[in-house]
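Chains as they are written, first to last, in the numbering used here: chain A, 34 to 345; chain B, 22 to 309. A virtual CB, placed ideally from N, CA and C, is assigned to each residue, including glycine. What follows is a short report on a single structure.
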Amino acid sequence: MATPRSTATRLLTNRAFLAVCLLATNVAVVVLAVLLISILWQGLGSLNWNFLTHAASRKPAEAGILAPLWGSVWVCTICGLVALPLGIGTAIYLEEFARKGRFTRIVQTNIMNLAGVPSIVYGILGLTAFARMFGAFGTSAEDGGFAIGNEESLLYFKLPFGSSVLAGGLTLMLVILPIVIIATQEALRSVPKSLRSGALALGATPWQTVWGITLPAAIPGIMTGAILAMSRAIGESAPLLVVGAVLFVLNAPENLMSDFAVLPLQIFNWAGRPQDEFHAIAASAIIVQLVALLAFNGIAVFIRQKLQKPLQ
Amino acid sequence: MIVGTLAIAATFSILVTTTIVIVLARETWGFFHFPDVSVGEFFGGLEWNPLLGSEKHFGIWPLVSGTLLVTVIAASFALPIGLVTSVYLSEYASPRVRATLKPTLEILAGIPTVVYGFFALTLITPLLQKISPAFGSYNAMSAGLATGIMILPIVCSLSEDALRAVPRSLRDGALALGGTKFDVSVKVVVPAALSGIVAAFLLAISRAIGETMIVALAAGGIAQITANPTAEVQTMTAYMVQIFLGDAPATGVEYKSSYAVAAMLFAMTFVLTMVGQYILRRFREEYE
Numbered sequence: 034m035a036t037p038r039s040t041a042t043r044l045l046t047n048r049a050f051l052a053v054c055l056l057a058t059n060v061a062v063v064v065l066a067v068l069l070i071s072i073l074w075q076g077l078g079s080l081n082w083n084f085l086t087h088a089a090s091r092k093p094a095e096a097g098i099l100a101p102l103w104g105s106v107w108v109c110t111i112c113g114l115v116a117l118p119l120g121i122g123t124a125i126y127l128e129e130f131a132r133k134g135r136f137t138r139i140v141q142t143n144i145m146n147l148a149g150v151p152s153i154v155y156g157i158l159g160l161t162a163f164a165r166m167f168g169a170f171g172t173s174a175e176d177g178g179f180a181i182g183n184e185e186s187l188l189y190f191k192l193p194f195g196s197s198v199l200a201g202g203l204t205l206m207l208v209i210l211p212i213v214i215i216a217t218q219e220a221l222r223s224v225p226k227s228l229r230s231g232a233l234a235l236g237a238t239p240w241q242t243v244w245g246i247t248l249p250a251a252i253p254g255i256m257t258g259a260i261l262a263m264s265r266a267i268g269e270s271a272p273l274l275v276v277g278a279v280l281f282v283l284n285a286p287e288n289l290m291s292d293f294a295v296l297p298l299q300i301f302n303w304a305g306r307p308q309d310e311f312h313a314i315a316a317s318a319i320i321v322q323l324v325a326l327l328a329f330n331g332i333a334v335f336i337r338q339k340l341q342k343p344l345q
Numbered sequence: 022m023i024v025g026t027l028a029i030a031a032t033f034s035i036l037v038t039t040t041i042v043i044v045l046a047r048e049t050w051g052f053f054h055f056p057d058v059s060v061g062e063f064f065g066g067l068e069w070n071p072l073l074g075s076e077k078h079f080g081i082w083p084l085v086s087g088t089l090l091v092t093v094i095a096a097s098f099a100l101p102i103g104l105v106t107s108v109y110l111s112e113y114a115s116p117r118v119r120a121t122l123k124p125t126l127e128i129l130a131g132i133p134t135v136v137y138g139f140f141a142l143t144l145i146t147p148l149l150q151k152i153s154p155a156f157g158s159y160n161a162m163s164a165g166l167a168t169g170i171m172i173l174p175i176v177c178s179l180s181e182d183a184l185r186a187v188p189r190s191l192r193d194g195a196l197a198l199g200g201t202k203f204d205v206s207v208k209v210v211v212p213a214a215l216s217g218i219v220a221a222f223l224l225a226i227s228r229a230i231g232e233t234m235i236v237a238l239a240a241g242g243i244a245q246i247t248a249n250p251t252a253e254v255q256t257m258t259a260y261m262v263q264i265f266l267g268d269a270p271a272t273g274v275e276y277k278s279s280y281a282v283a284a285m286l287f288a289m290t291f292v293l294t295m296v297g298q299y300i301l302r303r304f305r306e307e308y309e
């Protein structure tokens with residue numbers, strides 16, 4: 034301990050620290066405000082209906098985000114359809130069924146590790162495992178792989194997946210899987226033990242307890258986590274870049290095997306060009322992206338506030 | 022039956038890790054067998070020059086140094102500000118202030134990193150250039166600050182969780198002994214939550230190391246060893262973007278080198294996560 038100080042000095046330190054706190058806290062608020070204002074300033078001018086409904090173009094004035102917008106919708110839908118059941122299932126097993134032993138400890142540590150793996154590394158995994166399938170089917174449908182249906186039909190399917198919507202969606206699934214698992218585990222953990230004991234005491238099987246009691250009680254938490262994970266998926270671009278999302282595509286995807294672009298990569302492409310006109314439309318695309326994001330966050334906040342009943 | 026299916030789902034996460042390790046190891050092994058490459062040069066070489074010139078050099082240090090420079094800038098911005106913000110949120114803020122601050126941080130946390138990259142390129146860099154003409158149109162400082170903004174909400178929310186887990190009785194005790202709010206927060210609550218705070222810092226740092234789109238847009242493309250924040254640097258992730266965006270043939274040495282870089286990146290973030298987990302387990306102060 035330092036030498037005793039007078040009460041006045043200590044009160045002064047107290048005041049000074051509060052000032053530092055307020056200053057630091059305001060950094061986040063100011064940064065967010067500046068960011069939003071600067072993007073609105075740059076992007077509102079070129080944001081109009083045509084921008085949303087036109088295909089990409091080499092001329093910034095005519096360019097639109099139709100294809101990447103639909104690409105994002107396809108990729109995120111696939112990602113959600115696989116990641117949510119898989120992640121929630123994993124969490125239910127770990128929290129409600131698995132005996133706490135060496136295996137669960139390894140799985141748990143492993144999930145924490147997966148949550149820390151940079152997303153671009155998942156891109157490499159997705160490229161090898163989904164787009165190329167470890168080379169097990171050659172490099173294309175002609176060269177050792179196979180294809181069903183014709184390329185324009187909705188049911189067209191081929192192996193390996195190539196740089197397709199399906200490969201992209203599955204890669205994003207890898208990225209958000211640990212997030213979904215961790216969020217669901219936390220939601221399940223917050224359900225009081227007494228509810229489970231009550232159900233079991235009334236003669237319910239463990240599965241009936243989980244399905245009828247624990248899961249319904251944890252649903253608001255699980256949904257909040259799922260929505261936040263999906264909002265991460267919408268904004269993720271590095272892994273899709275590695276898998277081979279294209280930066281210039283005219284059409285929205287037609288089937289699971291279509292080439293695709295996504296909104297964040299379109300933003301990346303435009304932002305990386307030197308001309309100010311492209312920066313302006315990049316900002317417009319960012320506005321669209323942020324509106325989608327705010328809608329997602331809004332739903333999450335709504336669920337948290339309206340549906341979460343106190344259980345204790 | 023259902024439980025069996027769920028158990029299979031749980032094993033999937035193990036499969037993912039195993040596959041990552043196998044893929045990275047196999048391709049890196051292949052990379053080391055190219056005639057231009059040697060393991061010694063990769064880990065000891067001070068020159069990374071895979072694309073231009075007649076003589077290719079594959080020394081990882083320029084890329085590591087670029088990554089570390091950006092990370093250090095990001096961490097020196099985000100860690101102190103994030104910690105102080107979390108102390109304020111957990112110890113001082115009224116429920117009303119929290120109700121506005123928490124959503125602000127959540128929005129910041131949800132903003133796609135490519136947006137931060139755009140922000141760095143179109144706003145932070147021009148501002149830096151107004152301050153000093155030494156800053157180029159691509160520089161480590163701008164990318165570092167944007168990365169710092171990106172990790173700020175992570176630091177805040179994880180540290181705040183750790184601080185709030187400290188039981189009320191410790192605060193009451195310190196207040197009863199005549200401590201000011203400052204004494205209670207900084208000398209009692211923060212030390213009690215230290216393991217959680219350090220783990221939060223490590224997680225944020227590992228995020229900064231793996232961050233891709235910000236550095237690909239704002240940091241530039243010159244792989245060099247420098248501590249100068251006004252200089253253009255290339256990070257490990259930015260190099261991978263350059264390779265996967267370009268038309269390097271999938272069998273070429275440049276292409277394979279990106280797998281070796283990815284393996285290095287994976288190893289670095291893996292170690293950070295493991296250390297964080299260890300600290301949480303080993304040094305957690307259990308109360309009650």
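For Gly202 of chain A, the closest C-alpha among the options A:Gly231, A:Ser186 and A:Tyr155 is that of A:Tyr155.
Asn284 of chain A carries a coil assignment under DSSP once its states are collapsed to helix, strand and coil.
By a beta-carbon distance limit of 8 Å, Val176 of chain B contacts Gly103 of chain B. Their separation comes to about 3 Å.
For Phe179 of chain A, the enclosing beta strand (DSSP E) starts and ends at Phe179 to Ile181.
Against chain B, the CB of Trp107 of chain A has no partner CB under 8 Å away; the residue lies outside that interface. Residue environment: Leu221 of chain A is assigned as buried (16 or more neighbouring CB atoms within 10 Å of its CB, all protein chains considered).
A contact between stretches requires three or more CB pairs, one per stretch, nearer than 8 Å, and the stretch 137-157 of chain B fails this requirement with the stretch 185-192 of chain B. For Leu51 of chain A, at least one C-beta of chain B is nearer than 8 Å to its own C-beta.
If you ignore the 5 residues before and after Leu84 of chain B, its C-beta comes within less than 7 Å of the C-beta of Trp69, Ala244, Gln255, Thr256, Met257, Tyr260 and Val282, all in its own chain and listed in chain order. Counting only runs of 4 or more residues that sit fully inside the stretch 142-183 of chain B, the alpha helix (DSSP H) segments are 146-152, in chain order.
Rounded to the nearest angstrom, the gap between the Cα atoms of Leu166 of chain B and Glu232 of chain B is 12 Å. Chain B has no Cβ within less than 8 Å of the Cβ of Met256 of chain A. A check of alpha carbon separations from Val282 of chain A across A:Ala124, A:Pro193 and A:His87 identifies A:His87 as the nearest.
Below the 8 Å Cβ cutoff, chain B contributes Val105, Thr106, Val108, Tyr109 and Tyr113 as neighbours of Cys54 of chain A, in chain order.
Bounds of any alpha helix (DSSP H) do not take in Lys92 of chain A, whose DSSP letter is neither H nor E.
Closest in alpha carbon position to Ala164 of chain B, among B:Val108, B:Arg305 and B:Thr88, is B:Thr88. Under the three-state reduction of DSSP output, His78 of chain B falls in the strand class. In this structure, Gly268 of chain A lies away from Ala216 of chain A, with their beta-carbon atoms at least 8 Å apart.
Here Asn70 of chain B is bridged, per DSSP, to B:His78.
Taking CB atoms only, Gly182 of chain A has no neighbour in chain B less than 8 Å away. In the DSSP assignment, Leu192 of chain A forms a beta bridge with A:Phe179. Restricting attention to alpha helix (DSSP H) runs no shorter than 4 residues, the stretch 32-118 of chain B encloses them at 60-65 and 82-108, ordered along the chain. With fewer than 16 other Cβ atoms inside 10 Å of its own Cβ, Asn83 of chain A counts as exposed.
Of the candidates B:Ile43, B:Glu127 and B:Ser86, the residue whose Cα lies closest to the Cα of Ala333 of chain A is B:Glu127. The Cβ atoms of Ala229 of chain B and Thr294 of chain B lie no closer than 8 Å to each other. The stretch 236-246 of chain A makes no contact with the stretch 84-103 of chain A; the number of CB pairs closer than 8 Å stays below 3. Around the beta carbon of Val37 of chain B, 16 or more other beta carbons lie within 10 angstroms, which makes this residue buried. Between Glu287 of chain A and Leu147 of chain A, the C-beta spacing is not below 8 Å. Neighbours of Ala315 of chain A across chain B, judged by C-beta separation under 7 Å: Phe139. DSSP, read as helix, strand or coil, puts Gly305 of chain A in coil.
With fewer than 16 neighbouring CB atoms inside 10 Å of its own CB, Glu76 of chain B falls in the exposed class.
Straight across, the Cα-Cα distance linking Pro101 of chain B with Met166 of chain A is about 45 Å. Around the C-beta of Trp50 of chain B, fewer than 16 other C-beta atoms lie within 10 Å, and the residue is accordingly described as exposed. A direct Cα-Cα distance of roughly 25 Å separates Gln338 of chain A from Leu114 of chain A. Three or more Cβ pairs drawn from the stretch 296-307 of chain A and the stretch 315-322 of chain A lie within less than 8 Å of each other, which places the two stretches in contact.
DSSP, reduced to helix, strand and coil, places Gln245 of chain B outside both helices and strands of the structure shown, so it counts as coil.
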